[in-house]
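Asker: Here you go, one structure.
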Amino acid sequence: MSNLFSPWATDPVRGVFLRRLNRFVVECDLNGRPVSAHLANPGRLWELLLPGATVFLIRRGSVTAGGLMYSAVAVERDGVPILLHTQMANRVARHLLESNRVPGLEDTKIVKAEATVGHSRFDFHLLQRGCDILCEVKSCTLFGKSFAMFPDAVTERGRRHLMELAELADRGFHCVVIYLIHWSGARYFLPDFHTDPDFSRIFREVRHRVRFCPLSVGWSSSLHLLDPVREVDIPWSVLEREDCNRGSYLLILNLASDRSIDVGRLGSIFFPAGYYIYVGSAQKNLSQRVNRHLRRKKKPFWHIDYLRNHADSCVAVPIRSSENLEHELAGALGKICGRQIPDFGSSDCRCPTHLFSLPCHPLRYRPFIALLQTYRMDRLEDLVEVSR
């Protein structure tokens, strides 16, 4: 039975997430003491690695050169574990293939794992009724209420794999990508066109040559696979509509110290040290607009340019959409942010402001993460219903 399957031979222990030290190391509280643990997941994981989250730790068979005794293999969200360990996705996929639980790949034989074809290597070479199948496996941990997306960070490797599979499909191979969505509530899957529009473009281009198989899976508190395993829908009409180079964006800026900054006609404004969130939009050339904002020391044109030129850091969060969500976003931010800078960036609309302030990093603030989920994923549910 599937609920007896686990990628690990030992049960996990639970810690509390404190912070991410780098891409591959997190710090957790384990029984009242801080421990560093290996994280086999280079993704952003904004929606999962939040302060206070329960982390599932597995003791490593051998201590690494960095002295890491544990691996962080899962994190709890909404009361259930979400698998983080990307390298274990292949082990899960092998189990599903061998137990005939991948739709369309029943009765396949695994010829070889880590199979090399030409100059490329793929997770599985399968054989089904005399037909050669090349299979890639991806781990998906980005999801909202019912939508899941991949990737959660720009992936040059992921784009390359899709192009290579499409080329091999032209040579006669059957090619499949399994996306393991570690959330049993997922009903729909899309490429994350907000984060990696190039990946999304290739995803659409190769759809008739490469089969995409997004599977929703769930995990027990002991990290055993649960029933059911379901293939979820890809709402192509929503992707065609929303994957565009226009929409809204949020800029997260940090001032390490208090500053008084001249902001054009607004005059001199005192900005206390802290984090600021700016809301903007571009009805065309969204990517170019965002890239311009990320550059420093440019001739100011918008109010935000004056602040950007003094900010110690800036993170851009695009929200691609067919409709203008800028003013709705500003209203939503006003409800979760403690301070607003009046009239900033809102001279051409009725909004009180488009600049907000928080004392903590927005990406570690649950209400802000929930806002991102709403506007990047959850709102797409209504578009699915309209397209039916």
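Be aware that the sequence shown starts at 2, since it is given in this note's numbering, and climbs by one per residue. Think of the CB as a built atom: it goes at the ideal place given N, C-alpha and C, for glycine as much as any other residue.
Just the Cα atoms here: how many angstroms apart are Ile-59 and Ser-185?
Answerer: Cα-Cα distance, rounded: 23 Å.
Asker: Who are Gly-248's beta bridge partners in DSSP?
Answerer: DSSP lists Ala-283 and Arg-321 as partners of Gly-248.
Asker: How long is the line joining the alpha carbons of Arg-202 and Phe-25, rounded to whole angstroms?
Answerer: Roughly 29 Å between the two C-alpha positions.
Asker: Verify whether the separation of the beta carbon atoms of Glu-29 and Leu-19 is less than 7 Å.
Answerer: The sequence shown places Cys at residue 29, not Glu. Result yes, Cβ atoms of Cys-29 and Leu-19 sit closer than 7 Å.
Asker: Looking at C-alpha atoms only, which residue of Pro-104, Ser-63, Ile-134 and Phe-125 is the closest neighbour of Ala-90?
Answerer: Ranking Pro-104, Ser-63, Ile-134 and Phe-125 by Cα distance to Ala-90 puts Phe-125 first.
Asker: Put Gly-44 into one of helix, strand or coil per three-state DSSP.
Answerer: Coil, per DSSP.
Asker: Please confirm whether Leu-330 and Val-280 have their CB atoms less than 7 Å apart.
Answerer: In this structure, Val-280 lies closer than 7 Å to Leu-330 by Cβ.
Asker: Near Trp-47, which residues of its chain fall below 7 Å by C-beta distance, leaving aside the five closest residues on each side in sequence?
Answerer: Answer for Trp-47: Leu-364 and Ile-370, listed in chain order.
Asker: So, does the region 215-225 touch the region 193-201, judging by three or more C-beta pairs under 8 Å?
Answerer: Flag = no, the region 215-225 and the region 193-201 do not touch.
Asker: What are the residues that DSSP puts in a beta bridge with Gly-126?
Answerer: Looking at the sequence shown, residue 126 is not Gly but His. DSSP, once it has assigned bridges, lists Lys-113 and Leu-135 as partnering His-126.
Asker: Would you mind sorting Gly-67 into buried or exposed? The rule is 16 or more other CB atoms within 10 Å of its CB.
Answerer: Exposed.
Asker: Under the assumption that Ser-358 contacts Tyr-277 (Cβ atoms under 8 Å), give the Cβ distance between them as a whole number of angstroms.
Answerer: Right, their Cβ atoms sit about 5 Å apart.
Asker: Given a cut-off of 7 Å on the beta-carbon distance, is the pair Glu-243 and Ser-323 in contact?
Answerer: In this structure, Ser-323 lies closer than 7 Å to Glu-243 by Cβ.
Asker: Whose C-alpha, out of Arg-78, Leu-49 and Glu-382, is nearest the C-alpha of Ser-222?
Answerer: Ranking the options by Cα distance to Ser-222, first place goes to Arg-78.
Asker: What does a CB cutoff of less than 6 Å around Val-264 pick up in its chain, not counting 5 residues either side in sequence?
Answerer: Only Ile-270, His-304 and Tyr-307 meet the Cβ criterion.
Asker: Consult DSSP for Arg-212 and reduce its assignment to one of helix, strand or coil.
Answerer: Strand, per DSSP.
Asker: Beta-carbon within less than 6 Å of Leu-143's beta-carbon, same chain only, minus the 5 sequence neighbours each way: which residues are those?
Answerer: If we look at Leu-143 and ignore the five residues flanking it on each side, its Cβ neighbours are Met-150 and Asp-153.
Asker: Mapping DSSP to helix, strand and coil, what is Val-56?
Answerer: Val-56 falls in the strand class under three-state DSSP.
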